[in-house]
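Shown next, in structure tokens, is the structure this report addresses.
There are 2 protein chains.
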Amino acid sequence: MSELFTVPARKGRAARLTKGQAIKIINTHGSQVCDTWAFSAEDLKEFLSVEHMRPTLGSIYPKKGQPLHTNRRRPILVLEEDTSPGIHDTLIAACDDYRYGLLGCKEYHDNCTDNLMAGMRQIGLTPPEVPSPVNLWMNIPVGADGATQWGEPVSKPGDYVVLRAAMDCIVAMSACPQDILPINGKQGVIHDVHYQILG
Amino acid sequence: MSELFTVPARKGRAARLTKGQAIKIINTHGSQVCDTWAFSAEDLKEFLSVEHMRPTLGSIYPKKGQPLHTNRRRPILVLEEDTSPGIHDTLIAACDDYRYGLLGCKEYHDNCTDNLMAGMRQIGLTPPEVPSPVNLWMNIPVGADGATQWGEPVSKPGDYVVLRAAMDCIVAMSACPQDILPINGKQGVIHDVHYQILG
Chain A
1 MSELFTVPAR KGRAARLTKG QAIKIINTHG SQVCDTWAFS AEDLKEFLSV
51 EHMRPTLGSI YPKKGQPLHT NRRRPILVLE EDTSPGIHDT LIAACDDYRY
101 GLLGCKEYHD NCTDNLMAGM RQIGLTPPEV PSPVNLWMNI PVGADGATQW
151 GEPVSKPGDY VVLRAAMDCI VAMSACPQDI LPINGKQGVI HDVHYQILG
Chain B
1 MSELFTVPAR KGRAARLTKG QAIKIINTHG SQVCDTWAFS AEDLKEFLSV
51 EHMRPTLGSI YPKKGQPLHT NRRRPILVLE EDTSPGIHDT LIAACDDYRY
101 GLLGCKEYHD NCTDNLMAGM RQIGLTPPEV PSPVNLWMNI PVGADGATQW
151 GEPVSKPGDY VVLRAAMDCI VAMSACPQDI LPINGKQGVI HDVHYQILG
């Protein structure tokens, strides 16, 4: 049984994967969005890029079995398993201090952008930029007129995804601290996410 | 009458705007997609960021009258006028040499990423990264299941947008050289785009 690691509620973590290894990211409480990034271990300037992924997939978010592409149009991860209904988001930037300011916060609010930087720093790395993440379990319905909605996750407790590394890479995760909008459930309670490294 | 400048078919250009000035970008031939970027003149690390714009607008693309936001969540441009039906794209990365390789090209193909770099270089600047652009007149319908389609522009010859600068900035444009997919019309003919600077 692989060790179970925690992404603490409102915080970020990063993990190294060698090609062929996988990371299982578990929505333990069912309603928690997990912002997810991936960077090539060989060159951090190559990273999972949702805007480069979409034209190759022909979809705004990846489905089970599909690859996730980098800004050099190469698969970096494959979404090998997904026990949830498969609703994820790639449209919305990681939240940041500016965002919480616009939402009325007067004091610092934990945010996914700083969590990415902190999670990477914990393993000795600094990302060259903050790519737009794959927001696992985030539910952003898009209307025919292009309007987006702040949905609640449709996942259930224990749902997980398995992301298999197509190259040596670093996967960073943030247990999104958004407690103003309903994206982590109407109650706005932020939970831990868990992960395992699979051989 | 303001001078009429050309973004040559398949090429890129950049223009400086002071706060309060505007750029009128003209789809002279009606079917030409124009990838568009904006960078703060004060700090090129602040730029129009579609993933930061969407959550503030609640829409995947801006409508007439709406601001376009930076990665610091500030308006950099306002879409003041739009004579077209208002269908634009923010989902698809600028095309690049990798992309044309995947589409079967064996030789170099003009591309919007290199056009951004070249257009900026012509005015002495180097962007710190390649943000995902606002693709004016690009028509990418999104299905309820998240699937995207390669639509044709719904604009007509002479349609234009006016983008008013909310801060001193540089606007870069590429007359998208995509002639394999139908995004510039089924004929795959790439045309000039024109622009004027308005006081």
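Line by line, the protein sequences give chains A and B. Mapping of the first sequence onto the UniProt record's numbering: residues 1 to 199, in sequence order. Mapping of the second sequence onto the UniProt record's numbering: residues 1 to 199, in sequence order. Beta carbons: idealized from backbone N, C-alpha and C, even for Gly.
{"query": "Extent of the continuous alpha helix (DSSP H) to which residue 51/B belongs", "result": "50-57"}
{"query": "Identity of the residues DSSP links to residue 165/A by a beta bridge", "result": "77/A"}
{"query": "is_contact[residue 148/A, chain B] using C-beta, thresh 8 angstroms", "result": "yes"}
{"query": "Proximity winner among 110/A, 188/A, 3/A, relative to residue 97/A (alpha-carbon distances)", "result": "110/A"}
{"query": "Neighbourhood of residue 141/A by C-beta distance below 6 angstroms, restricted to the same chain and skipping five residues each side", "result": "149, 151"}
{"query": "Cross-strand partners of residue 69/A (DSSP beta bridge)", "result": "75/A"}
{"query": "Contact list for the stretch 47-68 of chain A against chain B, Cβ threshold 9 angstroms", "result": "49, 50, 51, 52, 53, 54, 55, 56, 57, 58, 59, 60, 61, 63"}
{"query": "Rounded separation between residue 100/A and residue 27/A - CA only", "result": "24 angstroms"}
{"query": "Pairwise C-alpha distance: residue 93/A and residue 162/A", "result": "22 angstroms"}
{"query": "Cβ-based neighbour list, residue 24/B, same chain, cut-off 7 angstroms, excluding 5 preceding and 5 following", "result": "160, 162, 195, 196, 198"}
{"query": "Chain A contacts from the stretch 128-160 of chain B (Cβ-Cβ distance under 7 angstroms)", "result": "129, 132, 142, 146, 147, 148"}
{"query": "Residue 172/A at chain B interface by Cβ criterion, 8 angstroms", "result": "no"}
{"query": "Cβ-based contacts, 7 angstroms cut-off: residues of the stretch 86-111 of chain A near chain B", "result": "91, 92, 93, 98, 99, 102"}
{"query": "First through last residue of the alpha helix (DSSP H) which encompasses residue 196/A", "result": "Looking at the DSSP string, residue 196/A is not in any alpha helix (DSSP H); the run it does join, the beta strand (DSSP E), is 193-198."}
{"query": "Beta-carbon proximity list for residue 57/A, same chain, < 7 angstroms, skipping 5 on both sides", "result": "66"}
{"query": "Length-filtered (4 minimum) alpha helix (DSSP H) runs lying within the stretch 108-195 of chain B", "result": "112-122"}
{"query": "Element boundaries [alpha helix (DSSP H), containing residue 35/A]", "result": "Counting along the chain, residue 35/A falls outside any alpha helix (DSSP H), though it belongs to the beta strand (DSSP E) covering 34-40."}
{"query": "Cutoff 8 angstroms: residue 73/B Cβ touching any chain A Cβ", "result": "yes"}
{"query": "Test item: CB-CB of residue 40/A and residue 138/A under 8 angstroms", "result": "no"}
{"query": "Cβ-Cβ distance between residue 51/B and residue 91/A below 8 angstroms", "result": "yes"}
{"query": "Which listed residue (13/A, 29/A, 22/A) has its alpha carbon closest to that of residue 188/A", "result": "29/A"}
{"query": "Buried or exposed by the 16-neighbour rule on C-beta atoms within 10 Å, applied to residue 122/A", "result": "exposed"}
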